[in-house]
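What follows is one structure encoded as structure tokens, with my remarks underneath.
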Amino acid sequence: MEAATKQKVSSALFRPSTLKKKLRVGESAIEMTLFVLGILTIFITVSIVIVLGDQALLFFNDPDVTLREFLTSTKWTPSIGDFGIWALVSATLTTSLIAILVAVPLGLSAAIYLSEYASPRARSLLKPVLEILAGVPTVVYGYFALLFVTPILQSIFGDKIGVYNMLSAGLVMGIMILPLISSMSEDALSAVPRVLREGAYAMGATPFETSTQIVLPAALSGIGAAVIVGIARAVGETMIVAIAAGSGPNFSFNPLAAAETMTGHIARISGGDLPYGTIDYNSLFAIALMLFLITLVLNLVSQWIVTKFREQYE
Amino acid sequence: MAKYTYPEEQDLQKFVAARYRKAWVWQIIFLASLLIAIISLSALLLNVIDGAFGYVAYDYKTDPATVSAKPLDELSQQELIALLQSKLSKGAYNKLNNETPMEKRSQADLLGLVYERIIQIDTQQTYSLSNSLLHKAEIEAEVREKYPEARLEFRNWLSSHFLTSPMSSKAEFAGVRTAALGSLWLVGIAIALALPVGVGAAIYLQEYSRKNFINRLIQTNINNLAGVPSIVYGMLGLAIFVRAWEAFTSGSIFGITDSNGRTIMSAGLTMGILVLPVVIINAQEAIKAVPDSIRQAAFGVGATKWQTVWSHVLPNALPGILTGSILAMSRAVGETAPLIIVGASTFISLDPNGPFSKFTALPIQIYQWTARAQPEFHNIAAAAIIALLALLLTLNTTAILLRNRFQRRF
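Structure follows, in structure tokens:
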């Protein structure tokens, strides 16, 4: 009798039907919907690749175009069937290099100052300025390059430099990506634990030795990622180069010359009412595909650096 | 035990002093880099302000005295209409009359038309604000010598006329009204697309997703999408929204036949996709900041997953999500390149009247005007930049205020 009751009680305890996981249709539907929204972002990437690839394929199928010529030739004159991407890549490389040469030393120094030297009060005043700089639309930087920096350069170089030149565009692009590099680097520097700095100071290191020999190496992965993201941003930047660097492909690495970058070329050609399906139209997609692949690789490398080389201190 | 020799006292002091000197020099260098950034920002802003005000030397193609016996601003509405009718060709008059009937136009509006169409201001030279203030005498002398006919006048290019007038082919009469309305439409459509999709995706990634391959892929992909150049989104918009979905984006399935796919709708959808990663990443951060104890308390009283998310996680994450979406909006307001690709019209004088009309936007106007050779267009570009920056500043201030007002620390 007693055993039977016990059995009854225990079965009631261990199989409580009210606590079983119910199938809730509404809940599953919501989870499904949210999953679809998440997947949608992958769909965007896939459609970028398909759309650009599809049109680029039409471009490469044209009898006038060979992939070899596209990747090796230095002439881009669509009217006579010359499609050599290097005429545009050279300008992209030149402007991006100038931008990086400006932005990395300045951005990194600013980040070191903000994270290692500035008092909390100074930081709370200075950081917003960099954030404002990061929020200015690029077309405004284009105006600045053409109507402020170029006249200054013209007064320095005289006749050697024209109204449109890569130097001005590159310099201003450097100012544009400076806040990006400095804020990412500062995050990396601030993530280095205090004990490392205090250890260095206890050994008698100066603030400069501490920040460059202890903190900087520890934050190197984050800084490397920042530099690569900066390069990707410079390569993909359109408005500054469209306004200030010149219009017309020109295979040249001379910063004083006018030349058109990949992005600037796309912006100029598609600015008019370009008829669909012409070879000019399709060639833009081939350039955009190159651009997408370059920035994709750069972004992936940057993320890989962060996860692979991050120093863990916890 | 080997005897360790220290440097002589003086050498040691010199060595330490040298190291500290070096540290001090570098500190100055680091600070200087930061100052360069700040100086650049100031130079940029000053340069824009410098361009938006200043002296103009202009003359009239037709002398106002020959047009009417009375001074022009004393003429009544009727007299102005009569003047326009007599001096303009019939076609031009009828076209203006069709846009807005003459009788319904205000006196100021008619006066503007008289100046624009009959008297025709011809700007000879413009001067920047700094020049106007510092070299007033030189400017006056130069104008007297070079343009003896011209009048010199201090002009504020960012006038209320500039903010409320539609486009015009003459810089003196152009305004940003159509462009500003176009920008607002664009941002509205973009955020209407990006906010629900972005927040949904963020909820999925933070609350529902398990650690598996697909979800890691989604996360990596979102980070990558945030780094894709905006011009690539423009190409995507051109191929999909403008061309493939032309029936929808031109509005022809809704019975609108007068436009092609290059409409506000196409541009807004493109912008929506462009800012989607920004919305998702910010929403994820906001949701991540809601502590687990809140979720556990909700589960503890028997809430389902969705009830927990909807009634407890989202309300707490809302300020962060809103801040993120405002930042996304300010990104959308400033983007130019995708709009050029998708096909913003360069010259439009009619206000956009719906999502399926042709459009122009503030940054597009700035680009167009900056690219013109005539100096007066650079002046209105500067004025438009100030308008754009003011809009962005308002958006960002709202974001910061929202964050400070509603942010909860757990």
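Taken in sequence, the protein lines are chains A and B.
Each residue of the first sequence is one higher than the one before, starting from 1 at the first, in our numbering.
Each residue of the second sequence is one higher than the one before, starting from 1 at the first, in our numbering.
The beta-carbon is built from N, C-alpha and C at its ideal position, and this holds for glycine as well.
This structure is a prediction, so every number in the text was calculated from the model and none was measured.
One finds Thr304 in chain B with Cβ atoms closer than 7 Å to the Cβ of Arg24(A), taken in chain order.
Taking Ala286(A) as the centre and dropping the five residues before and after it, the same chain places the C-beta of Ala56 and Phe59 closer than 6 Å to its C-beta, in chain order. Gln368(B) sits buried, since 16 or more C-beta atoms from the chains shown fall within 10 Å of its C-beta. Not a single CB atom of chain A sits nearer than 8 Å to the CB of Asn94(B).
Taking C-beta separations shorter than 7 Å and ignoring five residues to either side along the sequence, the partners of Gly51(B) in its chain run Ser128, His378, Asn379 and Ala382, following chain order. Under the 10 Å beta carbon count, Asn156(B) is surrounded by fewer than 16 other beta carbons and is classified as exposed.
If you keep only unbroken beta strand (DSSP E) runs of at least 3 residues inside the stretch 95-167 of chain B, you get 121-126 and 151-156. Annotation: the continuous alpha helix (DSSP H) that includes Val197(B) extends over Arg177 to Ile203. Ala179(B) and Ala361(B) have their C-alpha atoms some 4 Å from each other. Within the model, the alpha-carbon separation for Leu97(A) versus Val342(B) is close to 29 Å.
For Met184(A), the closest alpha carbon among the candidates Glu31(A), Gly53(A) and Val306(A) is that of Val306(A). Listed in chain order, the positions of the stretch 7-41 of chain B with a beta carbon within less than 7 Å of a beta carbon of chain A are Arg19, Tyr20, Lys22, Ala23, Trp26, Gln27, Ile29, Phe30, Leu31, Ser33, Leu34, Ile36, Ala37, Ile38, Ser40 and Leu41. For Ala57(B), the beta-bridge partners assigned by DSSP are Gln125(B) and Leu152(B).
The beta carbon of Leu289(A) is closer than 7 Å to those of Leu52, Gly53 and Ala56 in its chain, skipping five residues each way along the sequence. With 16 or more other CB atoms across the displayed protein chains lying within 10 angstroms of its CB, Glu186(A) is buried. With a cutoff of 8 Å on beta-carbon distance, Lys61(B) and Gln125(B) are scored as not near each other. Closest by C-alpha distance to Ala111(A), out of Phe15(B), Ala32(B) and Glu116(B), is Ala32(B). By the CB criterion at 8 Å, Ala188(A) and Ala219(A) fall inside the cutoff. In terms of CA proximity to Ile228(A), Val297(A) leads the group Val297(A), Leu133(A) and Ser211(A).
Residue contact check for Gly271(A) against chain B: a CB pair falls below 8 Å. With respect to the C-alpha of Ala286(B), the residue from Arg243(B), Ile203(B) and Gly255(B) having the closest C-alpha is Ile203(B).
Judged by DSSP in its simplified three-state form, Asp159(A) adopts helix. Residue ranges of uninterrupted alpha helix (DSSP H) with 4 or more members, entirely inside the stretch 233-272 of chain A and ordered along the chain, are 239-244 and 262-271. Bridge partners of Asp82(A) according to DSSP: Thr77(A). For Glu74(B), there is no enclosing alpha helix (DSSP H), as DSSP marks it with neither H nor E.
When only Cα atoms are considered, Asp11(B) and Ala18(B) end up about 10 Å apart. Among the residues facing chain B, Asn282(A) is not included, as its CB has no counterpart in that chain under 8 Å away.
Contact annotation: Leu44(B) and Phe144(A) have beta-carbon atoms nearer than 8 Å. Among the residues facing chain A, Val232(B) is included, as its CB has a counterpart in that chain under 8 Å away. Around Met102(B), the same chain offers Ile81 as residues with beta carbons nearer than 6 Å, after the five sequence neighbours per side are excluded.
Here Gln312(A) carries a coil assignment [DSSP, helix/strand/coil]. Residue ranges of uninterrupted alpha helix (DSSP H) with 4 or more members, entirely inside the stretch 241-326 of chain B and ordered along the chain, are 246-249, 264-288, 292-300 and 305-308. Per DSSP, the continuous alpha helix (DSSP H) segment holding Ile385(B) begins and ends at Pro375 to Phe406.
Contact between Ser283(A) and Pro78(A) holds: CB atoms are separated by about 6 Å, below the 8 Å threshold.
By alpha-carbon distance to Thr370(B), the top candidate from Ile243(A), Trp86(A) and Thr212(A) is Ile243(A).
Identification of chain A residues near Ala201(B) by a Cβ-Cβ cut-off of 8 Å yields Leu34, Leu37, Gly38, Leu40 and Thr41, ordered along the chain.
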